[in-house]
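All remarks here apply to the structure that follows.
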Amino acid sequence: MNHSQTGAQQKAGLASLDEEGLAPQETPWEEFLRIFTKDYQALFGFWVLVLLLLVALSGKVLTEWWVVFDPEAVRLTDKFLPPLSVPSPDSIPEDRPFGGVYLMGTDELGRDVFARMFQGSFVSLSIGFVAVGISLGIGILLGGLSGFYGHVKLWFITVDTLIMRFTDAMMCFPTFFLILTAVALLPPSIYTIMIIIGLFSWMGTARFVRAEFLSIREQDYVTAAKALGIPEGRIIFRHMVPNALAPVFVSATIGVASAILTESGLSFLGFGVPPPYATWGNILSDGKGFVFDAPWLFFIPGLAIFLVVLAFNLVGEGLREALNPKLRSR
Amino acid sequence: MWNFIIRNIAQRLVLLVIVSFLAHSFIHLAPGEPSEVDPMNPRMKPEDIAKIRAAFHLDDPLYMQYAYWIRDLASGELKSFKDSQPVLPKIWDRFLNSLPLFILATILVWTWAFPAGIYGAVFRGGVYDRLTVFSSYALISVPGFFLSFLAILWVVGWLGVPVISIKTFGMEHAQPVYQLMDRIWHLVIPSVMTAIGGIAVLSRYVRSQMLEVLGQDYVRTARAKGLQEDTVIYGHALGNALLPFVTMFGLLLPGLIGGAVIFEQIFAWPGLGRLAYEAILSRDFPIIMTLNFIAAVLTLLGTLISDILYAVVDPRIRLD
Chain A
1 MNHSQTGAQQ KAGLASLDEE GLAPQETPWE EFLRIFTKDY QALFGFWVLV LLLLVALSGK
61 VLTEWWVVFD PEAVRLTDKF LPPLSVPSPD SIPEDRPFGG VYLMGTDELG RDVFARMFQG
121 SFVSLSIGFV AVGISLGIGI LLGGLSGFYG HVKLWFITVD TLIMRFTDAM MCFPTFFLIL
181 TAVALLPPSI YTIMIIIGLF SWMGTARFVR AEFLSIREQD YVTAAKALGI PEGRIIFRHM
241 VPNALAPVFV SATIGVASAI LTESGLSFLG FGVPPPYATW GNILSDGKGF VFDAPWLFFI
301 PGLAIFLVVL AFNLVGEGLR EALNPKLRSR
Chain B
1001 MWNFIIRNIA QRLVLLVIVS FLAHSFIHLA PGEPSEVDPM NPRMKPEDIA KIRAAFHLDD
1061 PLYMQYAYWI RDLASGELKS FKDSQPVLPK IWDRFLNSLP LFILATILVW TWAFPAGIYG
1121 AVFRGGVYDR LTVFSSYALI SVPGFFLSFL AILWVVGWLG VPVISIKTFG MEHAQPVYQL
1181 MDRIWHLVIP SVMTAIGGIA VLSRYVRSQM LEVLGQDYVR TARAKGLQED TVIYGHALGN
1241 ALLPFVTMFG LLLPGLIGGA VIFEQIFAWP GLGRLAYEAI LSRDFPIIMT LNFIAAVLTL
1301 LGTLISDILY AVVDPRIRLD
């Protein structure tokens, strides 16, 4: 049996179903879109994230590769200028900001806050994505192993017991404290922070994936696939993983948000990303000392983090509602 | 029942061993060392460092260090690297300081999250629901210290509530009533700030759990019988929706202790979190390991209690 035949048969089947009015009204993707686009909060979050992605990419390009906005230029003549102010006349002409105006003011060294925020958007976002990527990788691997090969015995304990006891033990620790300890003991670098946050936050994902795998393994289509003699690897990756991914996707979205928050918390305690990288977290925690003298140094990064984390959370929740039929209003 | 409890305790003991193992290895696998705290100090000669390393057993293999740690911990002889004070009394003092904060925060979380979540679910899609859902998102999206700073700036400036540390300095001779009031005022804002994250997260869980239960067939049946809506919600749905939260009790503890590191730093509260932070700064391994270990033990105890409670409360769980 080749593919074109199967396709034709399927079409014929669908057509006959269609004649009887029994064909599904919409594909899962259409259903997802319909629900997601009706959720204004999620949609708002989605557009904020699209905007953020553009800002972050252009931030990377415009502050590092083709320096239009220089986040590192120190101008001691222009310290603590409020937003939208122009450089003082005795500042060095080459160091003046693009457009001749400090959009978000300057900090205690006269650095352009706008340029720093612009650069920091990419760094903050990449911390979130890399950390979540690592935690997803570990979580899916361990959860999938214990969900699919859980019954396999290793010496005297099953794979499932081994992995889940380890996960339980990891969940007992206060995550933030562990991350703080590890970051404080390791040499300070942006990569350490990304990796550590990822390494200590996979437990939830592993449990989700395991639960999903346990229930999917018993579904009829998996039995059917087994009966057709499809190899195990293909069953796992073509048939099971896509169906298990919905809750993982939701927790990943929320994971990016919490990674950004964790990074700002680490910055506050003095273990954030070391210079020269600017992140929103360390701009905020540097700015906290100047709440009265230069409130923009505190409020701009604080509100930016708030908005972005909120957007991630709203999108995550929108996805959850759209992907989980149990939560829909009836 | 006893079988169930004993099996549960046995499982927890196994976990405890894994936990102690992990708590120990996290610290020792990281490259930093107590002898490197002050590398620029000219008075630290190589022989001094060697002496320190020998005194702290840092030259022994890892499994020996683990054995020493467990031995000292069990006998209560474990001493801090920094000031050679016994670790357990030190942690206990700080724990007593943190305890009011933890208790008040927990009470706030559990008394606010449930009504908020339940009403949100019952009046799904209404103004109240949208408001609580949105504000719970807003509250988990703000960096904790940003919000705390705003609280200090505005609430404190406006109401004159004292916030820094656990009590006002120099109040020792005041009337006991004033001292008590002073203590309570100091407690309010830090515990609200600690609780906010928990309230936001828990109320969302409560809401979605309640929504799920409200969609069940037995709720429809109850409605179809013509029961009052209140009876349906409070009599039939609520109990089943709240059941899973018995197990949340233990799992909220690590967050509380982890969060304490930041909040106690902001409010200069001399509790566990600050002890942890100070220990990290000075690479005081025994304190870091023991704190991690104790936090995990507390969590294990919490989950043990809630598992037993769950089994008692939920008739669907068979105990054999």
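So the sequence lines, in the order shown, correspond to chains A and B. Each residue of the first sequence is one higher than the last, beginning at 1 in this note's numbering. Each residue of the second sequence is one higher than the last, beginning at 1001 in this note's numbering. All residues carry an ideal CB built from backbone N, CA and C; glycine is no exception. Note that the structure is a prediction, hence the values are computed from the model and not measured.
Under the three-state DSSP convention, the category residue i falls into
| i | result |
| --- | --- |
| Asp-1129 (chain B) | helix |
| Ser-1084 (chain B) | coil |
| Tyr-102 (chain A) | strand |
| Asp-1320 (chain B) | For Asp-1320 (chain B), the predicted model reports a pLDDT of 47, less than 50, meaning its position is unreliable and no value from the coordinates is stated. |
| Ser-264 (chain A) | helix |
| Ile-157 (chain A) | strand |
| Lys-1079 (chain B) | strand |
| His-3 (chain A) | In this prediction, His-3 (chain A) has a pLDDT of 47, which is less than 50 and means its spatial position is unreliable; what the coordinates show is noted afterwards. The answer is helix: DSSP assigns His-3 (chain A) an H, G or I state. |
| Ser-189 (chain A) | coil |
| Arg-330 (chain A) | With a pLDDT of only 43 at Arg-330 (chain A), under the threshold of 50, the placement of this residue in the model should not be trusted; the figure read from the coordinates follows. If DSSP states are grouped into helix, strand and coil, Arg-330 (chain A) belongs with coil. |
| Tyr-149 (chain A) | coil |
| Trp-202 (chain A) | coil |
| Phe-1245 (chain B) | helix |
| Pro-231 (chain A) | coil |
| Trp-280 (chain A) | helix |
| Met-1171 (chain B) | coil |
| Gly-272 (chain A) | coil |
Proximal chain B residues relative to residue i, where beta-carbon distance stays under 7 Å
| i | result |
| --- | --- |
| Val-309 (chain A) | Ser-1141 |
| Asp-168 (chain A) | Leu-1015 |
| Arg-116 (chain A) | Simply none; closest approach about 17 Å. |
| Leu-261 (chain A) | Pro-1143 |
Whole-Å CB distance - residue i paired with residue j, under 8 Å assumed
| i | j | result |
| --- | --- | --- |
| Val-86 (chain A) | Val-101 (chain A) | 6 Å |
| Met-1193 (chain B) | Leu-1147 (chain B) | 7 Å |
| Ser-189 (chain A) | Pro-274 (chain A) | 7 Å |
| Gly-265 (chain A) | Pro-1143 (chain B) | 7 Å |
| Arg-116 (chain A) | Ile-283 (chain A) | 6 Å |
| Ala-206 (chain A) | Gly-139 (chain A) | 4 Å |
| Gly-1120 (chain B) | Thr-1111 (chain B) | Not a contact, Cβ separation roughly 16 Å. |
| Phe-118 (chain A) | Leu-314 (chain A) | The Cβ separation is near 24 Å, so there is no contact. |
| Pro-1190 (chain B) | Leu-1101 (chain B) | 6 Å |
6 Å CB neighbourhood of residue i in its chain, flanking five on each side removed
| i | result |
| --- | --- |
| Arg-1094 (chain B) | Gly-1271, Leu-1272, Leu-1275 |
| Asp-160 (chain A) | Ser-146, Gly-150 |
| Ala-88 (chain A) | One point to set straight first is that residue 88 (chain A) is Ser, not Ala, in the sequence displayed. Excluding residues within five positions, the ones whose Cβ falls inside 6 Å are Thr-77, Asp-78. |
| Leu-1243 (chain B) | Asp-1314 |
| Ser-201 (chain A) | Ser-135 |
Chain B residues whose Cβ lies nearer than 8 Å to that of residue i
| i | result |
| --- | --- |
| Gly-265 (chain A) | Pro-1143, Gly-1144, Phe-1145, Ile-1262 |
| Asn-313 (chain A) | Tyr-1137, Ile-1140, Ser-1141 |
Proximal residues of chain A, C-beta to C-beta of residue i below 9 Å
| i | result |
| --- | --- |
| Gly-1258 (chain B) | Phe-173, Pro-174, Thr-175, Phe-176, Phe-177, Leu-178, Ile-179, Leu-180 |
| Thr-1299 (chain B) | Met-171, Cys-172, Phe-173, Pro-174 |
| Ala-1295 (chain B) | Cys-172, Phe-173, Pro-174, Phe-177 |
Per-residue contacts from residue i into chain A (C-beta, under 7 Å)
| i | result |
| --- | --- |
| Pro-1254 (chain B) | Cys-172, Phe-173, Pro-174, Thr-175 |
| Val-1312 (chain B) | Chain A residues near Val-1312 (chain B): none, gap ~22 Å exceeds 7 Å. |
| Ala-1276 (chain B) | Phe-177 |
Sequence-distant residues of its chain with Cβ nearer than 7 Å to residue i (five each side left out)
| i | result |
| --- | --- |
| Gly-128 (chain A) | Val-256, Ala-259, Ile-260 |
| Ile-1005 (chain B) | Ile-1308 |
| Gly-302 (chain A) | Leu-284 |
| Phe-1145 (chain B) | Ile-1262, Ile-1266 |
| Gln-1209 (chain B) | Ala-1241, Pro-1244 |
Residues near residue i in its chain [Cβ-Cβ closer than 8 Å; skip 5 each side]
| i | result |
| --- | --- |
| Ile-1009 (chain B) | Leu-1304 |
| Ile-1091 (chain B) | Leu-1272, Leu-1275, Ile-1287, Thr-1290, Leu-1291, Ile-1294 |
| Arg-111 (chain A) | Pro-71, Glu-72, Ala-73, Val-74, Arg-75 |
Per DSSP, cross-strand counterpart(s) of residue i
| i | result |
| --- | --- |
| Asp-220 (chain A) | For Asp-220 (chain A), which the question treats as bridged, DSSP gives no partner whatsoever. |
| Asp-112 (chain A) | A:Thr-106 |
| Ser-251 (chain A) | BP columns for Ser-251 (chain A) are empty, so no partner. |
| Ser-1203 (chain B) | Per DSSP, none; premise fails for Ser-1203 (chain B). |
| Ser-85 (chain A) | A:Tyr-102 |
Interface residues of chain B facing residue i [CB-CB closer than 9 Å]
| i | result |
| --- | --- |
| Phe-36 (chain A) | Ordered by position in chain B, no residue passes the 9 Å Cβ test against Phe-36 (chain A), which lies about 16 Å from the chain. |
| Ile-332 (chain A) | An answer regarding residue 332 (chain A) cannot be provided, because it is not within the stretch 1 to 330 covered by chain A. |
| Gln-41 (chain A) | Arg-1130, Val-1133, Phe-1134, Tyr-1137 |
| Ala-73 (chain A) | Those do not exist, as Ala-73 (chain A) stays about 27 Å from chain B at its closest Cβ, beyond 9 Å. |
Partner residues on chain A for residue i, Cβ-Cβ distance less than 8 Å
| i | result |
| --- | --- |
| Ile-1189 (chain B) | The premise fails here: Ile-1189 (chain B) is roughly 16 Å from chain A at the closest Cβ pair, so nothing lies under 8 Å. |
| Val-988 (chain B) | Here chain B has residues from 1001 to 1320 only, and residue 988 (chain B) is not among them. |
| Gln-1065 (chain B) | Going along chain A, no residue has its Cβ under 8 Å from Gln-1065 (chain B), so there is no contact; the nearest lies around 15 Å. |
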